[in-house]
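Residue numbers for the sequence shown follow the UniProt record's numbering, so the first one is 1 and each next one is one higher.
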Amino acid sequence: MMLGVASSAPRLAVKTRHLCDRALNRQANSFDLLRLSLPLRRLGLKGRNPDVVIWAANKTGDANPEDEAYSADAFELDELEEGQFLEEGGEEFDEGEFGAEGDDEFEEPTPEMIAGIEGEYEEDEEEEEARLERLRMAQEAASSNSSLPEAPERGYYLSDLFGKAAYLDVAELMETECPDAIVYGLQSNVLKIIPGDMYVCVSTYIEEIPRLVEEALSCGAAALLLPHFAQAVMLQAKVQEDGTKSPLIPPEIPCRFVVSVAEVSQRLAVAFYDAPARDMMVIGVIGSRGKTTVSWLICGILEAMEQVTGTVNSIGYSLSGELMDADGELWQAPPDDLVEEQESSEPFRITPYHPERYGSIVGSSAEPPSGMHVQKILAGMRDRGATCAVVECQDLGLAGGHHYFMDLSVAVHTNFTGANADALLFDGDKDQVLTEQLMMFSLLLDSSAQAAVINLDDPSAPLFMQRVGSLPMVTYGIDRTDADVVADSARFSIWESEVIIKTPMGKLQIISPLLGKHNVYNILAAVATGIALKVPLINIVSGIEAVEVIPGRCEVLDEGQEFSVIIDSANTPESLDAILSALRGNANNIFTVFGCQGERDKSIRPLMAEVAHAKSDFVIMTNDSPRREPPEQIIQDMVAGLPDEVVNKYSGYVYFPFQDQSHAPLWFEPYLQKAQRDNRRYIMEDRFSAIRAAIGTAAPGDVVVIAGRGHVDFMEYWDGEDGIVRGWLDDRVEARCALQKLSILQQLDGKLDRKTLPWGKALDQMDTIITA
1 MMLGVASSAP RLAVKTRHLC DRALNRQANS FDLLRLSLPL RRLGLKGRNP
51 DVVIWAANKT GDANPEDEAY SADAFELDEL EEGQFLEEGG EEFDEGEFGA
101 EGDDEFEEPT PEMIAGIEGE YEEDEEEEEA RLERLRMAQE AASSNSSLPE
151 APERGYYLSD LFGKAAYLDV AELMETECPD AIVYGLQSNV LKIIPGDMYV
201 CVSTYIEEIP RLVEEALSCG AAALLLPHFA QAVMLQAKVQ EDGTKSPLIP
251 PEIPCRFVVS VAEVSQRLAV AFYDAPARDM MVIGVIGSRG KTTVSWLICG
301 ILEAMEQVTG TVNSIGYSLS GELMDADGEL WQAPPDDLVE EQESSEPFRI
351 TPYHPERYGS IVGSSAEPPS GMHVQKILAG MRDRGATCAV VECQDLGLAG
401 GHHYFMDLSV AVHTNFTGAN ADALLFDGDK DQVLTEQLMM FSLLLDSSAQ
451 AAVINLDDPS APLFMQRVGS LPMVTYGIDR TDADVVADSA RFSIWESEVI
501 IKTPMGKLQI ISPLLGKHNV YNILAAVATG IALKVPLINI VSGIEAVEVI
551 PGRCEVLDEG QEFSVIIDSA NTPESLDAIL SALRGNANNI FTVFGCQGER
601 DKSIRPLMAE VAHAKSDFVI MTNDSPRREP PEQIIQDMVA GLPDEVVNKY
651 SGYVYFPFQD QSHAPLWFEP YLQKAQRDNR RYIMEDRFSA IRAAIGTAAP
701 GDVVVIAGRG HVDFMEYWDG EDGIVRGWLD DRVEARCALQ KLSILQQLDG
751 KLDRKTLPWG KALDQMDTII TA
């Protein structure tokens with residue numbers, strides 16, 4: 001059971017009267033405190049109320065979270081004798097109580113002895129206090145800038161926590177072996193551990209686990225949860241500099257080795273945070289594509305109903321517009337992040353990416369939050385007043401079982417293709433992806449409190465409808481006119497879409513900057529969810545139309561230019577085809593800038609180029625996180641998707657012209673540029689230059705599509721050794737900067753001729769000397 005909750009007290013001050021009773025029943029004495037004082041000072045607890053340490057170090061009985069906080073004045077101890085407990089913070093005690101009186105070997109500690117003992121820990125203590133101060137300042141800065149309430153503090157006896165998580169055998173063992181063990185948080189990042197946390201080791205590299213555990217213990221970890229394969233290594237003795245041996249895990253630290261750290265930590269988090277999904281209306285969005293867009297639109301509807309709504313998706317985690325990290329804490333931008341002062345990155349240079357920028361905190365779409373972190377995020381939202389949460393259930397997260405402990409009010413299915421970016425990272429096949437998606441709908445059991453939203457046009461719809469059974473269900477579609485929510489008509493421009501929708505509650509009109517048929521489906525899914533929740537049509541319309549920007553999802557940039565610039569996350573052939581097809585009939589020319597990631601599925605590279613070539617007038621192939629692969633090789637894999645008639649006519653060239661000019665000799669550059677200009681198929685490895693070339697060349701009525709990365713603001717490169725380094729590059733920032741500079745240039749020179757970009761007029765007057 002939970003010990004107690006206090007919104008502003010220090011962690012070890014979180015206690016209840018019943019917790020005090022457990023300590024008193026164990027007849028704690030002042031020597032316990034004296035013995036604990038030095039190691040506790042190393043954990044950053046120096047100067048805290050010693051009574052608290054007694055209660056934290058002794059327990060019997062059960063804690064009662066409903067009891068009021070402990071007050072020393074509220075207790076009158078029977079037969080209280082002088083020296084039995086510390087008085088006035090431990091300033092006086094009776095030596096007789098410790099059996100020291102009359103002991104010839106007992107030596108009163110001198111100031112020199114005390115100074116020597118304290119000096120032994122002084123350096124470590126200062127370093128630890130500095131680390132804790134950084135964590136405290138970061139959280140205080142985030143909280144001070146927020147109108148949201150602070151999250152409460154929590155603490156559990158370890159035995160109670162495992163018992164609440166239904167690990168009864170472990171709970172009984174903990175009660176026997178370490179009845180006094182208390183944890184005040186669950187943490188998998190050693191850099192964020194504070195005293196009292198349980199360290200959850202998620203590393204799969206056995207070589208680094210001893211180092212991580214050592215760091216966790218030095219930061220004050222009170223318990224360890226480790227993978228079973230590390231047991232043999234962690235139970236070995238560590239040889240000290242003087243030749244003596246000591247255990248890697250001190251005997252007083254509770255430690256459990258488990259087969260699945262992910263599963264156990266998730267169940268512990270559900271118990272520790274009191275199943276936060278049960279206290280909110282949680283909507284889960286499941287499918288191969290469109291999840292992020294649908295979740296943002298649903299959030300807009302809920303906010304139109306004045307609900308305090310949190311979102312968990314591949315863009316990030318937020319509550320009422322405030323960003324959160326994976327631990328459910330409010331996030332604050334690092335003050336020493338230099339890129340905040342830069343208008344853009346620089347060409348041919350990696351701009352350092354701060355390790356505490358939000359992109360690093362959240363990760364990418366290929367790294368969904370673990371089950372433990374899903375619970376921590378939801379708890380952080382609930383504790384700060386959230387009434388609703390919209391959760392994007394990524395396929396990788398479903399495969400890991402990260403969402404099984406969410407009590408969904410509505411499960412929304414967008415589509416199943418098996419071809420999204422998540423699925424490409426699976427070791428399994430499409431059937432595995434489908435099975436994981438269906439599993440979430442199998443968890444819908446309460447017809448009075450749960451419902452499903454299903455895309456009737458999707459071929460997999462019958463399977464999902466079968467899983468739902470007799471539960472309430474709302475269907476949507478474009479082709480299937482028998483669906484509950486149907487698109488009656490849709491009109492597109494290069495700036496926005498207008499959709500007329502029929503629902504059981506009447507017709508509605510929605511105007512949105514989201515373009516294309518695939519986004520009509522996304523809008524329909526959000527409308528159907530509103531119908532399932534019985535939201536009035538006026539709130540459905542106002543909520544969706546209020547979502548003017550979804551970062552990196554068909555995001556239209558408007559800096560007053562006469563052509564459209566769209567940032568989209570399309571990183572598969574299907575998603576790229578969808579956005580380009582939506583624009584094909586409305587734009588004079590389509591400029592497509594895209595790349596393919598290194599160390600990812602190579603089979604899609606030529607397919608991406610094939611789609612771009614077929615649906616674009618101008619194509620610029622560029623970098624997109626090459627990682628440890630050579631960028632030129634990635635681009636050549638992409639170039640393989642160009643038609644033979646484009647490539648083969650240059651077979652007689654000494655050098656292949658469809659490559660970045662940096663890989664060709666200087667004398668050949670004009671011929672390379674001429675070939676690319678004639679075919680309007682360009683190769684520019686530097687993404688900074690590629691974006692500016694497209695925007696600089698576009699004319700009124702054209703559309704520039706910068707695809708593949710969306711909201712992601714970093715690129716990943718080889719560090720020259722065995723690792724990967726991140727560099728700051730945000731497509732949205734780069735494009736806006738280019739548009740602003742273009743506007744300035746046009747004001748300076750009203751006759752600015754951009755038709756011959758990117759390489760000037762000389763190429764138009766040049767003859768092709770080398771032919772096949």
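Even for Gly, the Cβ is constructed at its ideal location relative to N, Cα and C.
Since the model is a prediction, treat every value here as computed from it, not as a measurement.
Check, Outcome
"With DSSP as the reference, identify every bridge partner of I744, one or two as the case may be.", "Answer by DSSP bridge pairing: none, since I744 is not bridged."
"Hey, G696 and M715: beta-carbon distance below 8 angstroms or not?", "no"
"Could you have a look at L186 and say whether DSSP puts it in helix, strand or coil?", "strand"
"Kindly identify the DSSP beta-bridge partner or partners of P700.", "DSSP, once it has assigned bridges, lists no residue as partnering P700."
"Counting only the same chain and skipping the five closest in sequence on each side, list residues whose C-beta sits under 7 angstroms from that of residue 776.", "With the chain covering only 1 through 772, there is no way to say anything about residue 776."
"Put H413 into one of helix, strand or coil per three-state DSSP.", "strand"
"Sorted by chain position, which residues of the same chain lie with C-beta nearer than 6 angstroms to A399's C-beta, five sequence neighbours on each side aside?", "E436"
"To which residues of the same chain is Q264 closer than 6 angstroms at the C-beta, ignoring the five residues directly before and after it?", "Correcting the residue identity first, residue 264 is Val in this sequence and not Gln. Closer than 6 angstroms at Cβ, skipping near neighbours: V258."
"Please state if the CB of V565 and the CB of A389 are separated by a distance shorter than 8 angstroms.", "no"
"Can you list, in chain order, the residues of its chain with a C-beta nearer than 7 angstroms to that of R754? Leave out the 5 residues immediately preceding and following it.", "G696 and T697"
"Roughly how far, in whole angstroms, is the beta-carbon of I691 from the beta-carbon of A735, given that I think they are within contact range, below 8 angstroms?", "6 angstroms"
"Determine whether the beta carbon atoms of D702 and F563 lie at a separation below 8 angstroms.", "yes"
"Are M372 and V499 close, meaning C-beta to C-beta below 8 angstroms?", "no"
"Excluding five sequence neighbours on each side, which residues of the same chain lie with their C-beta closer than 6 angstroms to the C-beta of F618?", "F591 and R680"
"Would you tell me roughly how many angstroms separate the C-alpha atoms of M280 and Q375, rounded to the nearest one?", "12 angstroms"
"Candidates M324, S345, H354 and E343: which alpha carbon is nearest A386's?", "M324"
"Would you mind stating whether I253 and C219 have Cβ atoms separated by less than 8 angstroms?", "no"
"Can you grab the Cα-Cα spacing for the pair L666 / L672, in whole Å?", "10 angstroms"
"Between which two residues does the alpha helix (DSSP H) holding N455 run?", "Not the alpha helix (DSSP H): N455 falls in the beta strand (DSSP E), residues A451 to N455."
"Please classify S246: does DSSP put it in a helix, a strand, or coil?", "strand"
"What are the partner residues of I529, as DSSP defines its beta bridges?", "For the record, residue 529 in the displayed sequence is Thr; it is not Ile. Paired residues: none, contrary to the question."
"How many angstroms separate the CA atom of G328 from the CA atom of A216?", "20 angstroms"
"Roughly how many angstroms separate the alpha carbons of I620 and S493, rounded to a whole number?", "23 angstroms"
"Mapping DSSP to helix, strand and coil, what is V593?", "strand"
"Within the chosen definition, does the segment 287 to 298 reach the segment 516 to 527 through at least 3 CB pairs nearer than 8 angstroms?", "yes"
"For D488 and A664, I'd like the C-alpha separation in whole angstroms.", "54 angstroms"
"Report the three-state DSSP secondary structure of C299 (helix, strand or coil).", "helix"
"If we call anything under 8 angstroms between Cβ atoms a contact, is V549 one with W495?", "no"
"For a minimum of 4 consecutive residues, which ranges assigned as the alpha helix (DSSP H) are wholly contained in the segment 332 to 369?", "358 to 362"
"Return the residue from the list I604, D624, A578 and P631 that minimises the CA-CA distance to S616.", "A578"
"So, is T756 buried or exposed, given that buried needs 16 or more other C-beta atoms within 10 angstroms?", "exposed"
"Whole angstroms are fine: how far does the CA of I567 sit from the CA of D730?", "10 angstroms"
"Tell me the DSSP secondary structure of W495 in three-state form.", "coil"
"Have a look at D713, A612 and G585 and flag the residue whose alpha-carbon is nearest the alpha-carbon of S625.", "D713"
"Rounded to whole angstroms, what's the CA-CA distance from R467 to S448? Just pull it up for me.", "17 angstroms"
"Grab me the residues of L752's own chain with a C-beta within less than 7 angstroms of its C-beta, minus the 5 sequence neighbours each way, in chain order.", "L745 and Q746"
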